[in-house]
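Protein chains in written order, with my numbering: chain A, 1386 to 1781; chain B, 1386 to 1781. Each residue gets a CB set at the ideal place from its N, CA and C atoms; glycine is no exception.
Protein chains: 2
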Amino acid sequence: MPGISKKGRQMPASPIRKLVPYAEAAKKRGTHVIHLNIGQPDIKTPKVALDAVRNHNIEVLAYSMTEGSEMYRTKIAAYYAKNDIHVSSEDIIVTTGGSEALSFVMGTIMDADDEIIIPEPFYANYNGFATALGVKVVPIVSRIEDNFALPPISHFEKLIGPKTKAILICNPGNPTGYLYRKEEIQQLAQLVKKHNLFLVADEVYREFAYEGRVHYSILQEKGLEEHAIIVDSVSKRYSMCGARIGCLVSKNKTVIQTALKFAQARLSPPTFAQIASEAALETPQSYFDDVIKEYAERRNILIAELQKLEGVRVAVPQGAFYCVVKLPVSNSDDFAQWLLEKFEMDGATVMVAPAAGFYATKGLGTNQIRIAYVLEKELLVKAVQILGEALKKYNT
Amino acid sequence: MPGISKKGRQMPASPIRKLVPYAEAAKKRGTHVIHLNIGQPDIKTPKVALDAVRNHNIEVLAYSMTEGSEMYRTKIAAYYAKNDIHVSSEDIIVTTGGSEALSFVMGTIMDADDEIIIPEPFYANYNGFATALGVKVVPIVSRIEDNFALPPISHFEKLIGPKTKAILICNPGNPTGYLYRKEEIQQLAQLVKKHNLFLVADEVYREFAYEGRVHYSILQEKGLEEHAIIVDSVSKRYSMCGARIGCLVSKNKTVIQTALKFAQARLSPPTFAQIASEAALETPQSYFDDVIKEYAERRNILIAELQKLEGVRVAVPQGAFYCVVKLPVSNSDDFAQWLLEKFEMDGATVMVAPAAGFYATKGLGTNQIRIAYVLEKELLVKAVQILGEALKKYNT
Chain A
1386 MPGISKKGRQ
1396 MPASPIRKLV
1406 PYAEAAKKRG
1416 THVIHLNIGQ
1426 PDIKTPKVAL
1436 DAVRNHNIEV
1446 LAYSMTEGSE
1456 MYRTKIAAYY
1466 AKNDIHVSSE
1476 DIIVTTGGSE
1486 ALSFVMGTIM
1496 DADDEIIIPE
1506 PFYANYNGFA
1516 TALGVKVVPI
1526 VSRIEDNFAL
1536 PPISHFEKLI
1546 GPKTKAILIC
1556 NPGNPTGYLY
1566 RKEEIQQLAQ
1576 LVKKHNLFLV
1586 ADEVYREFAY
1596 EGRVHYSILQ
1606 EKGLEEHAII
1616 VDSVSKRYSM
1626 CGARIGCLVS
1636 KNKTVIQTAL
1646 KFAQARLSPP
1656 TFAQIASEAA
1666 LETPQSYFDD
1676 VIKEYAERRN
1686 ILIAELQKLE
1696 GVRVAVPQGA
1706 FYCVVKLPVS
1716 NSDDFAQWLL
1726 EKFEMDGATV
1736 MVAPAAGFYA
1746 TKGLGTNQIR
1756 IAYVLEKELL
1766 VKAVQILGEA
1776 LKKYNT
Chain B
1386 MPGISKKGRQ
1396 MPASPIRKLV
1406 PYAEAAKKRG
1416 THVIHLNIGQ
1426 PDIKTPKVAL
1436 DAVRNHNIEV
1446 LAYSMTEGSE
1456 MYRTKIAAYY
1466 AKNDIHVSSE
1476 DIIVTTGGSE
1486 ALSFVMGTIM
1496 DADDEIIIPE
1506 PFYANYNGFA
1516 TALGVKVVPI
1526 VSRIEDNFAL
1536 PPISHFEKLI
1546 GPKTKAILIC
1556 NPGNPTGYLY
1566 RKEEIQQLAQ
1576 LVKKHNLFLV
1586 ADEVYREFAY
1596 EGRVHYSILQ
1606 EKGLEEHAII
1616 VDSVSKRYSM
1626 CGARIGCLVS
1636 KNKTVIQTAL
1646 KFAQARLSPP
1656 TFAQIASEAA
1666 LETPQSYFDD
1676 VIKEYAERRN
1686 ILIAELQKLE
1696 GVRVAVPQGA
1706 FYCVVKLPVS
1716 NSDDFAQWLL
1726 EKFEMDGATV
1736 MVAPAAGFYA
1746 TKGLGTNQIR
1756 IAYVLEKELL
1766 VKAVQILGEA
1776 LKKYNT
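Put into structure tokens, the structure is as follows:
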């Protein structure tokens, strides 16, 4: 039997999905599983987007333009302008989700064995894309005690070497919920200009900022035009994860021209999803106001409930809809599995994402979990109650 | 300004799309451009597929399963059974087009610098995926004089070395239109078993076989289960290129488990497109009968017309909807550009794909073009007339 590749063996299993078989078994036993483990919002997709697909008049479902239609990209540029990010349609390539955008970016700026520095904990699939392309993730530790703020620039400088091509941030952060302050972005801007690196920002949670905070994009930073590359997606913004539409944005012409060649090889992004995504740009502001208000309330109640638990520490999130929680357990992988296999309260249990999979440094995050607050408030309260009871039982 | 990657510089521009700016300019001048250059069929997508999307009742457009829904995969397995290919839903991963399926396959079985042998001319984007992943395409020449039949096995054996991981065929072939005979598949099966390689077959044109010929799949070949990997797509079968749904199929469990990890990193294939693709499986046989009849007629008339032209040689296609044509010109790149820039007949010209981009060996195919016969018969006749007049003028 012919063998598979070394990189195939190294590909990490998703920390978000690897407990799925245990959850399935729990459900088969009749236990209700409350999913805190995955960032699939329960928020309704805007009607305008769903209706656009319902009303399509396609007769031949043909390839679209490789980079997305001129019309859609022009409207995306207008969306950015409203967010004080000034780009034109030529600075944008429409992709099959933010995932594909990041793959294209990595291929465009990195060869095998090149290095990209990423503050950890970070979105676990960054590891998957890097492994698939044979490039190296160099983690830099951010601490739960600081709510996962940007590590000191001096720490970055120690990690920059001849193979370093870029720094990648997720802002606001998945899994941290940390929203980088303008000053932090400016420090990074100085750094990448000094060392002639790219600064890549995954800004898919741009709108999800709380306590009146406002997101500051790397493309708002003057002088960073040749260095800045944004990875974006409609998935969370319009609760349409299943569309699989995102984009990459850069003022650097060589980056766009090169990424376009990667895009040409896969022909085009999905057509129906582009119809939905273009229509989604017409979503009224009231939709976002309601959604952000809902998430803010969920966040507040989740944090308040978690802080009542003994021995539990929460990194208070200012953005996105995740938080990282330190538990009084030695191994959150074991605990998460135990929750699904051995525990229930009133016929229910919770599924959480063990945080170790969000760290590249072995041994970090082993007593942390990620919680996605994408469920209704009552369910979140109940989930934390279950977590509290479970911790008591687990630790005796 | 930070530099882009070496692989980014090496990524080939699409030979199918690179003449687009000249075509745009011709259209702006008022010249009608007949597109023989791209495999975008004019055939209508089955109504059942388009209606399924029109009638969707989605409220939250959520992620689907990474590998595609159990229901859809079960139905795909039933489709294969009808084609005498016996697989189960667990042998299938639904992908974002055949493109993604091939990327996953390459990542699953090859590391950087590993080699894959591909008969040339081949679908140009194979080069793109290989370059993106840093793997090496080793071409083996098939000849227009043989209608691009399988090269002798002894030629393959000369190319197999320690880095060789797989042989990739496209059957029926794009751009060649060649349909491998059962005996040729069996020769390849012997070869990959002897050398412990994978045999990957892009079978997206399975249904498009002419003159009563029947496609023989690598998964119909007994004893090849651990070696065979099929790349497939709904794009051409149902004229729904814009869906971006395909799949990879293998009885090799390690291949499927590994490819699934690559798939998890990108979360899921597009949801609306899966709805359309699942419904497309209900397309009545009469649709295919009509479509194949139409393509067969187009093929016959195109070949007959081309064979009237002096100095032109056609590799008669038995499958798919392309053919490679040798022209009495020294450089078909220049000729294709000249057709768009300098020539018109009755206000029209033709756009063809220069064939050199379908070869990996430099210098091959420079006097060949690929024609896609995805247009109505009258247009094909007119296109060949234009080509004939153009050749006369070009060569004087």
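Under the three-state reduction of DSSP, A/V1697 is assigned to coil, being neither helix nor strand. Excluding sequence positions up to five before and after A/D1674, its CB lies less than 7 Å from no other CB in the same chain. Rounded to the nearest whole angstrom, the C-alpha separation of B/Q1770 and B/Q1703 is 23 Å.
Listed along chain B, no residue sits closer than 8 Å to A/H1420 by beta-carbon distance, the nearest being about 12 Å off.
Taking a Cβ-Cβ threshold of 8 Å, the residues of chain B close to A/L1435 are H1441, I1443, E1444 and L1446, in chain order. Selection B/K1403, B/K1392, B/E1505 and B/M1396 evaluated against B/V1709 yields B/E1505 as nearest (Cα-Cα). In the structure shown, B/V1490 falls within a helical segment according to DSSP collapsed to helix, strand and coil.
Going by DSSP, B/H1417 is part of the beta strand (DSSP E) stretching over H1417 to H1420. Rounded to whole angstroms, the separation of the alpha carbons of B/G1453 and A/S1602 is 35 Å.
The Cβ-Cβ distance between B/Y1508 and B/N1559 falls below 7 Å. Of all residues in the segment 1541 to 1565 of chain A, the ones placed with a Cβ closer than 9 Å to any Cβ belonging to chain B are K1550 and A1551, in chain order.
Look at B/Q1572: its C-beta is not under 7 Å from any C-beta on chain A. A Cβ-Cβ distance of about 14 Å is found for the pair A/I1614 and A/V1589, leaving them out of contact under the 8 Å criterion.
Here DSSP, grouped into helix, strand and coil, assigns B/I1503 to strand. Per DSSP, the unbroken alpha helix (DSSP H) holding A/T1656 starts and ends at T1656 to A1665. Three or more pairs of CB atoms, one per stretch, sit closer than 8 Å, so the segment 1758 to 1778 of chain A contacts the segment 1671 to 1690 of chain A. For B/V1616, the enclosing beta strand (DSSP E) has its first and last residue at A1613 to S1618. In the three-state scheme derived from DSSP, where H, G and I count as helix and E and B as strand, A/F1583 is classed as strand. Nearest to A/A1437 by C-alpha distance, out of A/A1721, A/F1728 and A/T1668, is A/T1668. Taken atom to atom, the span from the alpha-carbon of A/V1479 to that of B/P1655 is near 14 Å. Setting aside the 5 residues that flank it on each side, A/A1574 is surrounded in the same chain by E1606 and L1609, each with a C-beta closer than 6 Å to its C-beta; the list follows chain order. About 6 Å separates the CB atoms of B/C1632 and B/A1486; that is less than 8 Å, so the two are in contact. Look at B/V1619: its C-beta is not under 7 Å from any C-beta on chain A.
Within the model, the alpha-carbon separation for B/A1644 versus B/N1637 is close to 11 Å.
Contacts between A/F1657 and chain B, judged by CB atoms closer than 8 Å, involve V1438, G1627, A1628, P1655, F1657, A1658 and A1661 in chain order. In the DSSP assignment, the residues bridged to A/Q1753 are A/K1711. Of all alpha-carbon atoms in B/S1635, B/E1663 and B/G1750, the one lying nearest the alpha-carbon of B/T1493 is that of B/S1635. Along the segment 1735 to 1754 of chain B, there is no position whose C-beta sits under 9 Å from a C-beta of chain A. Listed along the chain, the chain B residues whose CB falls inside 9 Å of the CB of A/M1386 are N1581, E1611, H1612, N1637 and T1639. Here A/G1393 is buried, its C-beta having at least 16 other C-beta atoms within 10 Å. Annotation for A/I1525: the continuous beta strand (DSSP E) segment containing it runs K1521 to V1526.
Under the DSSP assignment, A/K1391 falls in the alpha helix (DSSP H) whose first and last residues are K1391 to Q1395.
Each residue's CA atom was taken as its position, placing B/N1752 and B/A1721 some 11 Å apart. By the CB criterion at 7 Å, A/M1736 and A/H1420 fall inside the cutoff. Counting C-beta pairs with one atom in each stretch, the segment 1395 to 1409 of chain B and the segment 1513 to 1524 of chain A have fewer than three that are closer than 8 Å, which means they do not touch. Taking a beta-carbon distance threshold of 7 Å, A/A1517 counts as an interface residue toward chain B.
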